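From first to last, the protein sequence lines stand for chains A, B and C. Counted from 1, the first sequence has number 1016 at position 115 by the working numbering; the numbering is strictly sequential. Counted from 1, the second sequence has number 794 at position 456 by the working numbering; the numbering is strictly sequential. Counted from 1, the third sequence has number 249 at position 28 by the working numbering; the numbering is strictly sequential. For every residue, glycine included, the Cβ atom is placed at its ideal position computed from N, Cα and C. Quick caveat, the model's predicted, so the values are computed rather than measured.
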Amino acid sequence: MKRFSIIIVLSLLMSLLLTGCGGSAQPAAGDNPGEAGDEKPAGYVFETEGVVIAMHAEVEPILQKLGEAMEYFEAESCAFQGMERVYTYSGFELHTYEMDGTDYVAAVVFLDDSVSTKEGVYLFSGLEDVLAAYGDGYTKTNDMYSYEQDGSRLSFLVENDEVTMIEYMAVTE
Amino acid sequence: MLFASYGFILFIGLLFIVYYSIPKKYQWQLLLGASYLFYYFSGPENLLYISFTTLSTYAAAVKISDMHRVQSQYLASHGDGMSREEKKAYKASVKSGQRRWLLACLILNFGVLAITKYSNFAIANINWALGALGSGTRVSFLQLALPMGISFYTFKTMSYIIDVYRGKYPAERNPFKLALFTSFFPQLVQGPISRFDNLSRTLFEQHSFDSRNVSRGLQRILWGFFKKVVLADRMLVAVNTIIRNPDTYQGAFVFIGMLFYAYQLYADFTGGIDITIGTAEVLGIKVEENFKRPYFSKSTAEYWRRWHITMGTWFKDYLFYPLSVSGPMLKFSKYSRQKLGDGLGKRLPVYVSTIIVWFTTGLWHGASWNFIVWGLLNGAVIIISMECQPLYDWFHGRFNVKDSFWFRLFQVVRTILLMSAIRMFDCYRDVPLTFRMLGTMFTRFDAGELSLEALLGLGLGLPDYAVLLLGLMALVSVSLAQRSGSVRDKLAGKPFVVRYAAYYVLIVSILVFGAYGIGYDASQFIYNQF
Amino acid sequence: MARKRILTALITIALTASSLYILERLLMPKYVSAIVEGSLVEEYYSEDKNHDVIFIGDCEVYESFSPITLWEHYGITSYIRGSAQQLIWQSYYLLEETLKYEKPEVVVFNVLAMKYDQPQKETYNRMTLDGMRMSLSKLKAIRASMMEDEKFVEYIFPLLRYHSRWSVLTAEDFRYMFRKDKLFHNGYYMRVDVRPVQTVPKGRKLADYRFGERAYYYLDRMVELCKENDIELVLIKAPSLYPYWYDEWEVQMEEYAAKHGLLYINFLELIDEVGIDFSKDTYDAGLHLNVTGAEKMSIYFGKILRDTYRLKDRRDDPELSRLWQQKAEFYYAMKESQYRELEEYGYLKSLGARPPESTAAD
């Protein structure tokens, strides 16, 4: 009997090992005890004068809160595949994309240092300010430091230790 | 690989051609290769699991079978000189050796199934309990991929080892043949859960090209694709809209969702089984039926004898029966009869077994409380109807309606509604939500909400509803026609033009009306992950 | 008996295949009104294939040059093989295909497509590829262009892609099942309407200005292909103000042209020389030129082509003259009808343009 117990235990251990190399996937019980989805804007969010602008958010209500744009530009893509719109406000540009007839936020681009990110980084801040605010989870392409979170990308262009461009962008996974 | 994919069509097309052009004695080997290839496409690491199950089962079965043989040889040569008691003791010792092998094999393979499928469910519950006890510690989840079809092939092989243990048939001596039985690709994804003695009759045989078999098989495949791609995948859009937006869709919409899901699941599951059986048929292999017009059932018990038949019989043969004759259960039976008398006392052990079986059935369907509650409710309905039997008898004695068409129709509709309502537990996010939603059907049912706009808001257009309605009519007509024999046999007797038209209509409907391609999600067979 | 069975089988197969083909023709989008750009590629096949110049590229070629003007002013025969957001590998394979039909003296490629290193949108892929005739070039173009969720077989049998259009078929789909009227002028898409430029946003800073490897790879192959066939390749950047053309991109193109001994012309720098007036010569505020702009461009560029590559004036060929006379008549007729439509409605309704009042910011 003893021998068999050993076989069983060993086999069980082996099956554990076997299952250990099963690769990665979502846990099967994802929608079980205590998981409630609440609808807060996800990812990096730009805020100006109390207006919250999240990437991929519907543009219409945001425009209403922001009021009239200083400048407006629209670019129709070839063969009517959606309209790109750019609204210029004091300190930043709001870019939109179109899907099924509705406009969504595509990007926010800073124009001057009258606006800052929610975490307090301005144009002309130093690289250390960026790293202090966002940590080192960035990906770096040349001088551009990009942080990604839930369908949004926040990028800083750092030239001569000075942030010369800040943009929020909607990304699609 | 999904059944409803270009890859699968190409795969079986090529396989059919090669299968009938190579020497017949290699056919089953080709099938083994094809099955492993098929499985490889779903993720190479999965091959490890299925080989492990195959090998462990093979070894245990051969060992058990050898013991059977040694025993009969020993008894044949020494039996005369042994007393009765000696024989009995000898047999018992052999049996206990066999049992160890069986147990090792069962624990091992159900262990793998448990770990891959249920460990995260267990961890989630442990964490919940820890939280409830005020503890701050949490167990972290395992990152395990659920191997495709593991519930199905585990059940297949475990029925095989138990049958060998019971001496129903000797062990298969060729490990590759057992590997083919385990991995036979048409039924890898969603059953049926075949028995070894049944499937092996045609699986390892040599098959010559038989145009009748092949065309019957192809017809069945087409019919399966039609149900799956045209009807189920289309209906899925509306079902998803309803169950994913419980705040918006309540009351009458839950009712609609229930009916839509009943339609969708039926078309999807039976369509998949049609593709399985049809594919096997083209290869000359006979796979047993898994459905027998379940929506014509007059009671829940009957429904479960006609829906997912191979699963029901599996639980009956390998869980319910052994459980009922197990030592503790017999003791309990005796006790309950003493205390409660011959009526309820006799039935109570059966009920306990029933509850255990349905709990397990629910768990087998999915690692979540949704499925467990779903299983238990099924068990409860069956027990309640058994308890109410005297009432029914009284009713039928009083009113002679038993054979009237309308009463039977009432029974059928009642069964469909009951099953559909219980089935909602595997739709909604969690159990409390399901209860709440089912509740709204009674508390705030407003048929006026079901306006045309509301129905079109579910993601389907009028043309889609038209397709679904025509499809429903086709499903019902085929089922009605089936009662007097195979539809394909009837079709075979018709002139060429009629047969051709039938093929043509099916092919064009699938191509044109199929809910596939860009703009539709390639929805997996619902049973895929079970 | 056996012969009868074979015959039946053949007839059945033929019937099935042909009816499926008819279905496919019916269900494929026709691109004859509003989004006409999808018809650009297929019009080439019904042409006499004997051109001095072939243009390849995206909307910046099929909106910036008018072959009729090139003919009328210089006697140059030309064809534009362009389509909406035509990616560089699509341009390459279209060129490869074109060279099987004819051998032009000069090939002109618009370099805006260098900015795309990956396929962008299924709709654009379809507009370019569905119109191509079946050929090895087409198969290669499909392979190069497919997005992740696209399937090769759905390009071979477009029925598999467009089957779901059964519920949105219109009379147009039946009418243009097998034949379409001509919509373009040797690949030029005419627009006579005007929407002046107001503002154009500056280009946002990019992390990496270097064109992608894939883009360069196909540009190299294009250079190679032209060299093998003894064809002069000209690189141009059309004078569209948007999408923004970065200085960093300009430098790369200049360097590339110098390295390979190619002529490269950036028309953004020549707007005044060409005489383009962005208050009159564009129909969508600076993205695309309208017909007056395209004609100006053709007059300016035709002279360069003629002088640099000594292209012969072919107007004395009576056969060609007759052919181009017909083309010119069609050209002027369309111009007139577009002006008429403009006058009547205030915008080009038939081409899907928006009424003027909706152009303001809302």
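If you follow the alpha helix (DSSP H) that residue i is part of, which residue opens it and which one closes it?
| i | result |
| --- | --- |
| residue 399 of chain C | No alpha helix (DSSP H) contains residue 399 of chain C, which DSSP labels as neither H nor E. |
| residue 733 of chain B | 727-736 |
| residue 961 of chain A | 960-967 |
Looking at the secondary structure, which residues open and close the beta strand (DSSP E) in which residue i lies?
| i | result |
| --- | --- |
| residue 1069 of chain A | 1063-1071 |
| residue 954 of chain A | 952-955 |
| residue 483 of chain C | Taken as a continuous stretch (DSSP letters only), residue 483 of chain C belongs to no beta strand (DSSP E), as it is neither H nor E. |
| residue 1011 of chain A | 1003-1011 |
Is it the case that the Cβ atoms of residue i and residue j are separated by a distance below 8 Å?
| i | j | result |
| --- | --- | --- |
| residue 573 of chain B | residue 598 of chain B | yes |
| residue 772 of chain B | residue 779 of chain B | no |
| residue 455 of chain C | residue 374 of chain C | no |
| residue 1025 of chain A | residue 1011 of chain A | no |
| residue 356 of chain C | residue 323 of chain C | no |
| residue 563 of chain B | residue 856 of chain B | no |
| residue 268 of chain C | residue 452 of chain C | no |
| residue 1006 of chain A | residue 954 of chain A | yes |
| residue 541 of chain C | residue 535 of chain C | yes |
| residue 273 of chain C | residue 297 of chain C | yes |
| residue 497 of chain C | residue 331 of chain C | no |
| residue 477 of chain B | residue 461 of chain B | yes |
| residue 518 of chain C | residue 286 of chain C | yes |
Please decide whether residue i counts as near chain A, where near means a Cβ-Cβ distance under 8 Å.
| i | result |
| --- | --- |
| residue 508 of chain C | yes |
| residue 573 of chain C | yes |
| residue 326 of chain C | no |
| residue 250 of chain C | no |
| residue 422 of chain C | yes |
| residue 243 of chain C | no |
| residue 428 of chain C | yes |
Here's the rule: buried if 16 or more other CB atoms are within 10 angstroms of the residue's CB, otherwise exposed. What is residue i?
| i | result |
| --- | --- |
| residue 744 of chain B | exposed |
| residue 921 of chain A | With a pLDDT of only 34 at residue 921 of chain A, under 50, the local geometry of the prediction cannot be trusted, and no value is derived from it. |
| residue 416 of chain B | exposed |
| residue 827 of chain B | exposed |
| residue 417 of chain C | exposed |
| residue 638 of chain B | buried |
| residue 757 of chain B | buried |
| residue 1061 of chain A | exposed |
| residue 733 of chain B | exposed |
| residue 293 of chain C | buried |
| residue 627 of chain B | exposed |
| residue 299 of chain C | buried |
| residue 391 of chain C | exposed |
Hey, out of the options, whose CA is closest to residue i's CA?
| i | options | result |
| --- | --- | --- |
| residue 516 of chain B | B:645, B:388, B:478 | B:388 |
| residue 433 of chain B | B:462, B:402, B:476 | B:402 |
| residue 397 of chain B | B:498, B:807, B:664 | B:498 |
| residue 492 of chain C | C:475, C:459, C:505, C:276 | C:459 |
| residue 974 of chain A | C:498, C:482, C:480, C:462 | C:462 |
| residue 568 of chain B | C:384, C:477, C:506, C:431 | C:384 |
| residue 370 of chain B | B:552, B:665, B:522 | B:522 |
| residue 431 of chain C | C:444, C:476, C:390 | C:476 |
| residue 313 of chain C | C:506, C:505, C:439, C:471 | C:439 |
Between residue i and chain C, is there a C-beta pair that is closer than 8 Å?
| i | result |
| --- | --- |
| residue 350 of chain B | no |
| residue 1058 of chain A | yes |
| residue 599 of chain B | no |
| residue 862 of chain B | Unreliable placement is indicated for residue 862 of chain B, whose pLDDT of 36 sits below 50; no coordinate value is reported for it. |
| residue 1022 of chain A | no |
| residue 785 of chain B | no |
| residue 994 of chain A | yes |
List, in chain order, every chain D residue whose beta-carbon is nearer than 8 Å to that of residue i.
| i | result |
| --- | --- |
| residue 256 of chain C | Within the model displayed, chain D is absent; protein chains A, B and C are what it includes. |
Would residue i pass as an interface residue toward chain B - the criterion being a Cβ-Cβ separation below 8 Å?
| i | result |
| --- | --- |
| residue 388 of chain C | yes |
| residue 217 of chain C | This structure cannot settle anything about residue 217 of chain C, because the visible part of chain C is limited to 222 through 583. |
Under the criterion of a Cβ to heavy atom distance below 7 Å, does residue i qualify as lining the ligand ZN?
| i | result |
| --- | --- |
| residue 1010 of chain A | As for the ligand ZN, it is missing from this structure, which has no ligand bound. |
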